[in-house]
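Chemist: In this note's numbering, the protein residues as written are 166 to 262.
We put the CB at the ideal spot given by N, CA and C, even for glycine.
Note that the structure is a prediction, hence the values are computed from the model and not measured.
Starting off with a structure, shown below.
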């Protein structure tokens, strides 16, 4: 599953409504829509590239991967609503470990 590392470990994190109401609201809305109250929180980069640093980096990585949704500040982007010509295929660019 996407939530485990290669050694099958995971770093579970919890979100408190009082200390992080915005993220808690996102999780609650996601659960209401999908029935699953879990999101993956991981480094945001593609193998071989540095971690995303800017909104432009985030959009490029989002469009070049199999990520379906991107939340960045107040922006909520669905891949299916984006211009397909902005898609870049990262899958074959970097060798697997």
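Please tell me whether residue 202 and residue 192 are closer than 8 Å, where the distance is taken between their beta carbons.
Modeler: yes
Chemist: Pull up the DSSP beta-bridge partners for residue 236, would you.
Modeler: 241
Chemist: Could you pull out every residue in the same chain whose Cβ sits closer than 6 Å to the Cβ of residue 242, ignoring the five residues on either side in sequence?
Modeler: Closer than 6 Å at the Cβ level, and outside the excluded window around residue 242, lie 235.
Chemist: What residue range does the alpha helix (DSSP H) around residue 191 cover?
Modeler: 186–199
Chemist: So, is residue 226 buried or exposed, given that buried needs 16 or more other C-beta atoms within 10 angstroms?
Modeler: buried
Chemist: With a threshold of 16 other CB atoms inside 10 Å of the CB of residue 223, please say whether the residue is buried or exposed.
Modeler: When all chains shown are included, residue 223 counts as buried.
Chemist: Taking the continuous alpha helix (DSSP H) assigned at residue 226, which residues delimit it?
Modeler: 220–228
Chemist: Pick from 237, 231 and 238: whose alpha carbon is nearest that of residue 245?
Modeler: 231
Chemist: Less than 7 Å between C-beta atoms, sequence neighbours within five positions excluded: which residues of the same chain meet that for residue 180?
Modeler: Apart from the 5 residues on each side of it in sequence, residue 180 sits with its Cβ closer than 7 Å to the Cβ of 188, 189 and 192 in its chain, given in chain order.
Chemist: Do the CB positions of residue 229 and residue 211 come within less than 8 Å of each other?
Modeler: yes
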